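Written below as structure tokens is the structure these notes are about.
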Amino acid sequence: LYLANMDQIRAFRHRHWNFTKEYIIKHTNHPVATGGSPIVTWLPNQLSTVLQQMAKVGQTINYAQLSLENKILVDEIVDRANTQERVLKREVTILKDRFGESQDKIVI
């Protein structure tokens with residue numbers, strides 16, 4: 022149940038990142054988001070944190086205690102998170118090249 026809830030958070034953060042790429046990054050080279058955070062790293066960092074936590078949680082699940090249906094669900098969720106983490110890292114690397122050092126700024 023916890024992993025499935027995290028998957029919902031992952032989906033929300035993924036949609037937010039996709040909207041940012043499609044409606045902001047695609048149409049401007051401005052490196053700063055509305056809150057002053059780096060446009061290419063802030064949201065991916067939030068998403069990546071969720072994805073990494075999902076991977077950790079997935080490793081702690083005792084499959085012997087799961088029904089077949091839940092084993093399949095856990096595998097799907099963990100596989101999706103792992104795949105998304107790889108894609109996200111690749112996207113951020115490409116976009117950081119485009120936007121430069123301004124994306125390494127830490128915003129608190």
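Sequential numbering from 22 applies to the sequence shown in the numbering used here. Every residue gets a Cβ at the ideal spot worked out from N, C-alpha and C, and that includes glycine. Bear in mind that the values here come from a model prediction, so they are computed numbers and not experimental data.
- For His35, the uninterrupted alpha helix (DSSP H) segment begins and ends at 23-44.
- If you look at Ile115, you'll find it in the alpha helix (DSSP H) that goes 89-120.
- Cβ neighbours of Trp38 within its own chain (closer than 8 Å, five residues either side excluded): Leu64, Pro65, Leu68, Leu109.
- Counting of Cβ neighbours within 10 angstroms places Ile115 among the exposed residues, the total staying below 16.
- Exclusion of the five residues before and after Phe120 leaves Asn50, Pro52, Pro59, Ile60, Val61 as the residues of its chain whose Cβ lies within less than 8 Å of its Cβ.
- With contacts defined by Cβ atoms closer than 8 Å, Gln86 and His35 do not form a contacting pair.
- Taking C-alpha positions only, Tyr84 is separated from Gly57 by approximately 44 Å.
- Taking 8 Å as the upper bound for CB-CB distance, Tyr23 and Val78 are in contact here, some 6 Å apart.
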